[in-house]
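With the working numbering as the guide, the letters of the sequence shown map in order to residues 1 to 175. Report on one structure; see the data block that follows.
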Amino acid sequence: MDNRLKRTPGVYLLGFMGSGKTTVAQLLAERLGWDFVDLDAEIEAAENTTIAHIFEARGEAEFRRLETEMLQKIMRRIERVTPLVVALGGGTFAQDSNRAMLKGHGVSVWLDCSFEIVQQRITEAETRPLARDPEKFRRLYEDRRAAYELADFRIDGNCEVEQAIHQILELPCWK
Ligand code: S3P
């Protein structure tokens with residue numbers, strides 16, 4: 001398989017919390033011989049604190065601002081022709097402005113996971129601020145789907161990592 005994309009060399013993995021974005025992105029990057037970047041981890045490194053702390057101390061709006069800023073930086077890296085597999089945060093693609101920025105830039109892939117699987121993967125010692133209230137978490141899962149549908153591609157995320165990679169490598173975006 002040729003590991004070149006028909007577009008700017010970025011693969012953006014999106015989907016709800018617990019859908020496996022980071023795990024799949026890491027392994028996919030390894031397979032392609034590309035670099036991997038996790039948007040949340042980049043924010044934490046740049047701010048020298050945790051996402052949970054940013055939410056608590058500075059609020060969600062400020063987190064979203066940092067998220068967009070970091071996404072822009074990552075996109076610039078890709079434009080300098082550094083092929084990257086990017087694990088987005090669960091809310092990144094749900095923001096209209098982020099989606100507009102990403103349009104036609106690399107390839108966006110939605111890891112579509114059932115709510116049951118997402119719930120299983122989100123542990124009790126949960127550090128994600130938006131997963132703390134079960135009712136809101138469920139509502140967010142439903143509300144986000146319409147935005148995720150706008151990704152270039154959707155794959156079934158209810159499977160082992162290997163199968164997810166296989167689905168991505170079979171997409172018609174590769175040369
Ligand atoms: C969020 C998801 C988290 C993180 C933050 C907000 C969301 O990322 O960006 O807690 O809005 O869904 P993961 O999807 O990687 O957990």
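Glycine included, C-beta positions come from ideal geometry on N, C-alpha and C.
Item, Value
"Heavy atom of ligand 1 within 7 Å of Leu130 beta-carbon", "yes"
"Close beta carbons around Leu102, own chain, < 7 Å, minus the five adjacent residues each side", "Tyr12 and Ser108"
"Which of helix, strand or coil DSSP assigns to Leu171", "coil"
"Nearest-angstrom beta carbon gap, Ala151 and Phe93 [assumed within contact, 8 Å]", "7 Å"
"Residue range of the unbroken beta strand (DSSP E) whose run includes Leu39", "Looking at the DSSP string, Leu39 is not in any beta strand (DSSP E); the run it does join, the alpha helix (DSSP H), is Leu39 to Glu47."
"Leu150 - DSSP class collapsed to helix/strand/coil", "coil"
"Heavy atom of ligand 1 within 7 Å of Lys21 beta-carbon", "yes"
"Helix, strand or coil at Leu88 [DSSP, three-state]", "coil"
"Element boundaries [beta strand (DSSP E), containing Val118]", "Element bounds for Val118: not the beta strand (DSSP E) but the alpha helix (DSSP H), Phe115 to Arg121."
"Contacting residues, own chain, Cβ-Cβ under 7 Å from Ile168 (five flanking each side not counted)", "Leu28, Val109 and Ile155"
"With 16 other Cβ atoms within 10 Å as the buried cut-off, status of Val86", "buried"
"Pro83 to Ala131 span [Cα, whole Å]", "32 Å"
"Close Cβ partners of Cys173 (< 8 Å) along its chain, the five nearest in sequence each way excluded", "Leu5, Lys6, Arg7, Val107, Asp152 and Phe153"
"Touch test, the segment 9 to 26 against the segment 65 to 84, Cβ-Cβ under 8 Å, three pairs minimum", "yes"
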